[in-house]
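Quick notes on the structure that follows.
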Amino acid sequence: MRKAVSWSLFMYVCFGLFIYWYLFYGTSADIPEAYKGTSADPATFMNARELMLSQEFSRTKYLLFFLATPFEWLVLFLILVLGISKRFEDSAKLITRLRVGQVAIYFFYLSLVTTVLALPFKWMGYQVSKSYGISTQTLASWFKDIVIDFWVNFGIMLLVVATLMWLIQKSEKRWWFHAWALSVPFTIFLTFIQPVVLDPLYNDFQPLQNQELKQKILSLASEADIPADNVYEVNMSEKTKSLNAYVTGIGSNSRIVLWDTTLKQLSENEILFIMAHEMAHYVKKHIYWAVASSIAISFVGLYLIHRILQFIIAKWGGVLNIRTLASLSVLPLFFLVSSVLSFAVSPAENYVSRMEERVSDQYAMEMTEDKKAAVETFQDLSKTSLSQVNPPGLVKLFLYTHPTMLERITYLEEYGKK
Ligand SMILES: [Zn+2]
């Protein structure tokens, strides 16, 4: 056991040092020579201070991401190896004989410990974002979001976990298939209620005040055949300086949303370009593809989890304090394996997402035919989020759901030339 503990800590530290070296020394922040002086070159639209800050901020943010993900794995691993999971299970069994009650108590302990241990990373992320002037959220409001997050996640995940444990108890061989079959309506339901029920828990949604802009956006929407009769603005300026806008929902449940930060910082033509881009996601049915692919991925994923769990329990069940697949103490291993798998598949998902973003950029250009506004939008987005125009390869692979700003601006400049 001690060997497993020190080995995992050693691996984590080595990985941390590598990623620090990679982000701060191993990769260059410069853009390729051929792009120097073009509209994609940050030196043409950022001042020296913004340039320096964007490099520093991006690297620190990426470092936190790459440290936090394996840290979560480390915590789950240690919870197993140190017998903590086993103790949670024993304690839950002492409190109640009811299986559902045991699952709830066990999962509450586990959620509490993992949330508290992940808090330092979240706090550092908040502090960094605050010190670079991106986050404008007060500590109280930030903490309130953490608490809402905890209970929303706990509620949703408890439902998932209780169902999962019930299915495993019923059939240790076929649980993964039954779990998948149940996950299909659940995924669709969550996608459906997210914009209308979950998002308003965190922020205030109001009808857009600016009537003139509202009319322009709605006429753009009717041009794109989107059944919307209202545009919402969400009050985000108390939390962040980042800009955002989106069109969500399924069918007649569609919602056009703009953050108030976007309204304040961008010109009308830039806002219309962004809206056209967001409408493209809706028109091209990207949300349906996302739901369909997540259903397909969870089919393969749950089967793999099943096989991997069986293998690990047979081989190392003793070291990990897990007797059978049906024992509650298996949950950290379940989360560990599924988190590693979803991390492994994220580059492929990001790749698909980047293609969809490219399609939406193209659609927005066709709709607005305003190259100047489009290029300026991306320049302004880079500036307000202090993002790197040309991030390192590993960052793009694991984090970029959108093409890099270098790629997006270059694409716009090339648009219509061929
Ligand atoms: Zn997009």
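For reference, each letter of the sequence shown is one residue, going 30 to 447 in my numbering.
Where a beta carbon is used, it is the ideal one built from N, C-alpha and C, also for glycine.
Look at which beta carbons fall closer than 6 Å to any heavy atom of ligand 1; those residues are His-306, His-310, Glu-386, Ser-389. In this model, Gly-130 and Ala-121 are separated by some 8 Å (Cα to Cα).
When the Cα atoms are used, Trp-345 and Leu-428 turn out to be separated by approximately 33 Å. The beta carbon of Val-320 is closer than 8 Å to those of Thr-216, Ile-217, Thr-220 in its chain, skipping five residues each way along the sequence. Under DSSP, the beta-bridge partners assigned to Phe-234 are Val-263.
Secondary structure in the stretch 293-363: the alpha helix (DSSP H) runs of 4 residues or longer, each lying completely within the stretch, are 297-312, 315-345 in chain order.
With a cut-off of 8 Å on Cβ pairs, the stretch 244-257 is in contact with the stretch 305-318, counting three or more such pairs. The three-state reading of DSSP puts Ile-255 in coil, since its state is none of H, G, I, E or B. Using a Cβ distance threshold of 8 Å, Thr-125 and Ile-113 do not count as a contacting pair. Burial of Val-132 is indicated by the presence of at least 16 other C-beta atoms within 10 angstroms of its C-beta. Between Val-260 and Ile-285, the C-beta gap is smaller than 8 Å, which places the two residues in contact. Between Val-142 and Ile-108, the C-beta gap is smaller than 8 Å, which places the two residues in contact. For Tyr-54, the secondary structure class from DSSP, reduced to helix, strand or coil, is helix. For Ile-324, the closest C-alpha among the options Asp-70, Ser-170, Ala-169, Leu-211 is that of Leu-211.
Residue pairing by DSSP places Trp-288 opposite Val-263 in a beta bridge. Looking at the DSSP output, Val-276 shares a beta bridge with Ile-285.
Contact between the stretch 177-191 and the stretch 236-249 is absent: fewer than three C-beta pairs spanning the two stretches fall below 8 Å.
Ser-164 has Thr-269 as its beta-bridge partners, per DSSP.
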